[in-house]
Amino acid sequence: MRLLRQLLLAGLVLVAGRTMALIETYEFSTPELEARYQQLSEELRCPKCQNQNIADSNAPIAQDLRKLLHQQLEQGATDAEILDYMVARYGEFVRYRPRFGGANLVLWLAPVLLLCAAMVVLIITLRSRPKSAATTTTVLSAEEQSRLQSLLERAEQDS
Amino acid sequence: MGPRLKLFLPLILFALLAITLFRGLGLDPNEMPSALIDRPLPAFNLPALGQTGMVSAADVTGQPALLNVWATWCVSCRVEHPYLKQLAQQGIPIFGLNYKDDDSAAQRWLEELGDPYRFNIADREGTLGLDLGVYGAPETYLLDATGVVRYRHAGVVDEKVWQTILEPLYLALSKGNGVP
Numbered sequence: 001m002r003l004l005r006q007l008l009l010a011g012l013v014l015v016a017g018r019t020m021a022l023i024e025t026y027e028f029s030t031p032e033l034e035a036r037y038q039q040l041s042e043e044l045r046c047p048k049c050q051n052q053n054i055a056d057s058n059a060p061i062a063q064d065l066r067k068l069l070h071q072q073l074e075q076g077a078t079d080a081e082i083l084d085y086m087v088a089r090y091g092e093f094v095r096y097r098p099r100f101g102g103a104n105l106v107l108w109l110a111p112v113l114l115l116c117a118a119m120v121v122l123i124i125t126l127r128s129r130p131k132s133a134a135t136t137t138t139v140l141s142a143e144e145q146s147r148l149q150s151l152l153e154r155a156e157q158d159s
Numbered sequence: 160m161g162p163r164l165k166l167f168l169p170l171i172l173f174a175l176l177a178i179t180l181f182r183g184l185g186l187d188p189n190e191m192p193s194a195l196i197d198r199p200l201p202a203f204n205l206p207a208l209g210q211t212g213m214v215s216a217a218d219v220t221g222q223p224a225l226l227n228v229w230a231t232w233c234v235s236c237r238v239e240h241p242y243l244k245q246l247a248q249q250g251i252p253i254f255g256l257n258y259k260d261d262d263s264a265a266q267r268w269l270e271e272l273g274d275p276y277r278f279n280i281a282d283r284e285g286t287l288g289l290d291l292g293v294y295g296a297p298e299t300y301l302l303d304a305t306g307v308v309r310y311r312h313a314g315v316v317d318e319k320v321w322q323t324i325l326e327p328l329y330l331a332l333s334k335g336n337g338v339p
């Protein structure tokens, strides 16, 4: 019984060790660096698993980038330096918060421009609409009236 | 715009949207242009696999060539390997970048499966891989004669990829003395 318990314990320790190995922990010299690490690792996109940031991803490349991020932060690099370094290697794609400028302007300004366009269309549509409901009830001319009559009659005959 | 045409506006909008979205279905999100396109290969000084000397960017320049990123832990590299040998037999210069790998395992791989590479750069820590923006293996870079990156293919290079993408670019580079 005692042996069994010891074996079980040994097994649990082994399993725990393996699970721990999956998530690396980094020591930071100051809490500020750690906060910046959190922020940047959430802002940087994993190039391999494209819909995850490097904080969430367990892909080898994300692990490498986290390690690199930690090194760069400890070496005193600024946020801008780190982001430039990443963009130079992996392209604009690597940023979840794209830079304002260049081709990215389309991304940033499209919502505003589309909203403006929609407003213009809305205003034009509302303006071109007749003022009151009364004027919209158009009276048929005599010619139209007789055509309607004949159409109705034909429909009755058909059925 | 006539009132008749106005009626069809929603249909036209729908058709445009449908075409855009349908096209999106056929696109491969992994096909991202490398950030290094039209820029020179990053400088490096790394050991050559199985040799005593070091190699640098100057050693892979002089002719248009392929730089293939591979590793023994990469399953798709095994799939790609026979086709690379075929290309090497046709006389295409291929340099290997052995990425985050164990030297002895890599040498064993080349002995067992054949060696299509002129030589291999042993990038044990993945530093060159990082500078190149490698995010997985295999990846294949097309370099011109001056060592400028012209194209990056992420994934397996097979007959289809070679014939439709890489070969036309390679031939264009070869014709113009390697510089377009």
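Chains as they are written, first to last, in the working numbering: chain A, 1 to 159; chain B, 160 to 339. Even for Gly, the Cβ is constructed at its ideal location relative to N, Cα and C. If you're wondering where the values come from, they're calculated on a predicted model, not measured in any experiment.
Identify the continuous alpha helix (DSSP H) that holds residue i and give its terminal residues.
| i | result |
| --- | --- |
| T305(B) | Segment: none, T305(B) is in no alpha helix (DSSP H) and carries neither H nor E. |
| L195(B) | Segment: none, L195(B) is in no alpha helix (DSSP H) and carries neither H nor E. |
| N104(A) | 104–128 |
| Y26(A) | Segment: none, Y26(A) is in no alpha helix (DSSP H) and carries neither H nor E. |
| L325(B) | Counting along the chain, L325(B) falls outside any alpha helix (DSSP H), and DSSP gives it neither H nor E. |
| L152(A) | 142–158 |
| P31(A) | 31–43 |
| S263(B) | 262–272 |
Is the Cβ-Cβ distance between residue i and residue j less than 8 Å?
| i | j | result |
| --- | --- | --- |
| S41(A) | A59(A) | no |
| V219(B) | G295(B) | no |
| V228(B) | L256(B) | yes |
| R309(B) | D303(B) | yes |
| L243(B) | V316(B) | yes |
| I251(B) | L272(B) | no |
| V87(A) | A313(B) | no |
| G292(B) | D64(A) | no |
| L126(A) | V94(A) | no |
Report the rounded CA-to-CA distance for residue i versus residue j, giving the unit in angstroms.
| i | j | result |
| --- | --- | --- |
| A174(B) | A247(B) | 47 Å |
| A138(B) | V214(B) | Outside the displayed span of chain B (160 to 339) sits residue 138(B), for which this structure offers no information. |
| Y258(B) | A10(A) | 36 Å |
| L168(B) | A117(A) | 16 Å |
| L170(B) | L176(B) | 10 Å |
| T179(B) | R99(A) | 26 Å |
| T323(B) | D290(B) | 28 Å |
| A155(A) | S141(A) | 21 Å |
| N104(A) | R89(A) | 18 Å |
| E144(A) | L152(A) | 12 Å |
Interface residues of chain A around residue i at Cβ under 8 Å?
| i | result |
| --- | --- |
| D290(B) | R89 |
Span of the beta strand (DSSP E) holding residue i?
| i | result |
| --- | --- |
| P188(B) | Segment: none, P188(B) is in no beta strand (DSSP E) and carries neither H nor E. |
Please compile the residues from chain B whose C-beta is within a distance smaller than 7 Å of the C-beta of residue i.
| i | result |
| --- | --- |
| I61(A) | Y294, G295 |
Using a C-beta to C-beta distance shorter than 9 Å, which residues of chain A count as neighbours of residue i?
| i | result |
| --- | --- |
| G314(B) | Ordered by position in chain A, no residue passes the 9 Å Cβ test against G314(B), which lies about 12 Å from the chain. |
Who are the neighbours of residue i on chain B, taking C-beta pairs under 9 Å?
| i | result |
| --- | --- |
| D64(A) | K259, G285, G288, L289 |
Exercise for the section: Check distances from the C-beta atoms of the region 107–128 of chain A to those of chain B and list, in chain order, the residues that come in under 9 Å. Expected result: none
Exercise for the section: Determine which residues of the region 36–56 of chain A have a Cβ less than 7 Å from any Cβ of chain B, and write them out in chain order. Expected result: P47, K48, Q50
Problem - Residues of the region 205–218 of chain B whose Cβ lies closer than 8 Å to any Cβ of chain A, in chain order - result: none
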